[in-house]
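J.: Mind having a look at this structure? Questions to follow.
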Amino acid sequence: MARSGRDDSGVLVIGLGRFGASIALTLEELGTDVLAVDSRDDLVQEYSGRLTHVVQADATQMESLAQVGAAEFSVAVVGVGTSLEASVLITANLVDLGKPVIWAKAISSAHGKILERIGAHHVVFPEADAGRRVAHLVNGRLLDFIEFDDGFAIVKMRPPRETQGYTLAQSDIRAKYGVTVVGVKSPGRDFTYATPETIVTQHDLLIVAGHTDLIERFSTRP
């Protein structure tokens with residue numbers, strides 16, 4: 001069931017477990033052309049009414065990837081994680097195609113190293129990443145948390161009492177804590193970028209950027 005006459009801007013998602021299915025559904029919501037592939041008939045049937053293009057195929061076989069037109073896609077996501085052998089074989093097959101940018105799910109650091117060595121462009125650890133993110137949210141007043149590879153993070157948080165009723169210039173957060181308030185969201189108002197004159201109230205939400213350790217210290221302020 002290969003695609004024909006299509007631009008190579010779509011995403012091939014292999015594996016309809018929770019990780020792969022979530023990616024495929026979200027991409028379609030964002031307007032991206034998606035082809036989802038799984039070897040299990042029950043999963044294909046389950047998502048055939050929720051995704052526009054779903055195909056049953058064994059992606060560990062190069063012939064199956066050729067039949068679904070894998071080489072036509074600009075990006076491929078390998079969502080198979082429970083079977084290390086299948087994950088490696090699928091990734092290796094995609095590498096041999098030489099076309100898609102490959103995002104592959106890993107369930108351990110050893111699994112991730114193998115995927116990187118055989119040519120996966122991006123390796124993700126969804127369980128570990130989710131665990132770290134939730135730990136940061138549980139640990140303080142953070143409402144959302146995004147961490148980057150270099151230890152830099154952007155968070156949404158409630159303002160500490162010492163900032164409430166003062167402008168950002170008066171609070172001098174950057175000098176005291178080494179983090180930067182990027183924006184402020186007040187109830188019933190649109191998000192606004194922060195300026196030194198921005199006044200923070202107890203009901204506001206702050207968007208704060210900085211090193212993870214410094215943000216953690218700032219977020220634990222009463």
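The sequence shown begins at 1 in full-length UniProt numbering and counts up by one. Backbone N, C-alpha and C fix where the C-beta goes; we use that ideal spot for every residue, glycine too.
Taking only the alpha-carbon atoms, compute the straight-line gap between Arg158 and Leu94 and give it to the nearest angstrom.
T.: 45 Å
J.: Is Val181 near the ligand SAH - that is, is its Cβ less than 6 Å away from at least one heavy atom of it?
T.: No copy of the ligand SAH appears in this structure; indeed no ligand is present at all.
J.: With a CB to CB cut of under 6 Å and the five nearest residues on each side skipped, what residues in its chain are close to Ile146?
T.: Same-chain partners within the cutoff: Ile154.
J.: Find out if the Cβ-Cβ distance for the pair Val78, Ile14 is shorter than 7 Å.
T.: yes
J.: Please classify Lys105 as buried or exposed, where buried requires at least 16 neighbouring CB atoms within 10 angstroms.
T.: buried
J.: So, with DSSP's three-state summary, where would you put Met1?
T.: Per-residue confidence for Met1 stands at a pLDDT of 42, beneath the threshold of 50, marking its modelled position as unreliable; no derived number is given.
J.: I'd like the list of long-range same chain contacts for Phe125, defined as Cβ closer than 7 Å, with 5 residues on each side in sequence excluded.
T.: Ala106, Gly112
J.: Using 8 Å as the Cβ pair cut-off and three pairs as the minimum, do the region 158-170 and the region 188-207 touch?
T.: yes
J.: For the UniProt domain "RCK C-terminal" (140-222), which segments carrying the beta strand (DSSP E) assignment without a break, of at least 3 residues, lie completely within its bounds, in sequence order?
T.: As far as the UniProt domain "RCK C-terminal" (140-222) is concerned, its whole beta strand (DSSP E) runs of at least 3 residues are 142-147, 152-157, 180-185, 205-211.
J.: Do the region 40-52 and the region 62-75 meet, that is, are 3 or more Cβ pairs less than 8 Å apart?
T.: no
J.: Taking the C-alpha atoms as reference points, what is the distance between Arg174 and Val200?
T.: The straight-line gap from Cα to Cα measures roughly 15 Å.
J.: Quick check: the Cα distance between Glu127 and Ser171, rounded to an integer number of angstroms?
T.: 37 Å
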